[in-house]
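Presented below is the structure to which this report refers.
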Amino acid sequence: MDMGLDLTAVEAGILATLMPLTESHGVATLKGYEGELSSVEDLKAALPRLPGVLVTYVGSRLLPDEGGGGRLERMTWTALVAAKSLRSKAEAKEGGYGLLDGVKKALWGEIVAPGLTPAELTRREVVFQDSGLAVYAATFEIEQRVSPY
């Protein structure tokens, strides 16, 4: 029976792949998402730990495996990037754009763990923009073969 990698292992692989952003983009927080950005109050509390990248599992679809028995699990993951500026909204936005591009360059096309397909960027979008704070999302899909047998 091959159930594939568990979600914790996939998340760990994504975080390891994004680790160079701590040097290249000064990322202060890089971890799995645990609801830190659920409200405006949470956003304000997170300010001292920005810029940050938070990775979260969104869901999976099981598809027929055309190349053999079993199924393909197509997992969707999102990297939330948050940047701040005490000077202006424009600087926060630019910092967020730079970090969003950094996530794209670090993750797109990379195999984050053995047995997985390269990460495929499927969407980038604004989550939140306000005075001095910008949050964006980069969504990726990663597949693995799974079998209940």
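Following our numbering, the numbering of the sequence shown begins with 1197 at its first residue and continues without gaps.
All residues carry an ideal CB built from backbone N, CA and C; glycine is no exception.
Just so it is clear, the structure is predicted and the values come from calculations on it, not from any experiment.
Contact check between the segment 1271–1281 and the segment 1333–1344: three or more CB pairs, one atom from each, fall below 8 angstroms, which counts as touching. Note that the C-beta distance between L1259 and Y1229 is not below 8 angstroms. Taking a C-beta distance under 8 angstroms as the contact criterion, L1201 and L1312 qualify as a contact pair. Distance from the CA atom of E1237 to the CA atom of A1286, rounded to whole angstroms, is 21 angstroms. Of all alpha-carbon atoms in F1336, G1305 and E1290, the one lying nearest the alpha-carbon of Q1325 is that of E1290. Judged by DSSP secondary structure, G1255 falls within the beta strand (DSSP E) whose first and last residues are G1248 to P1260. Non-local C-beta neighbours of M1215 in its own chain, meaning closer than 8 angstroms and more than five positions away in sequence, comprise L1226, ordered along the chain. Secondary structure remark: continuous beta strand (DSSP E) runs of at least 3 residues inside the segment 1275–1337, in chain order: 1316–1326.
Just measuring C-alpha positions, the residue of V1254, T1252 and L1246 sitting nearest A1330 is L1246. By the 16-neighbour rule on beta-carbons within 10 angstroms, A1212 is exposed. In its chain, beyond the 5 residues on either side, Y1229 and T1274 have a beta carbon closer than 6 angstroms to the beta carbon of T1252.
Ranked by Cα distance from A1288, the options K1300, G1248, G1255 and G1231 are led by G1248. Between I1210 and the set K1280, P1314, S1220 and R1283, the nearest pair of CA atoms involves P1314. Beta-carbon to beta-carbon, L1296 and V1277 are separated by about 5 angstroms, close enough to satisfy the 8 angstroms threshold.
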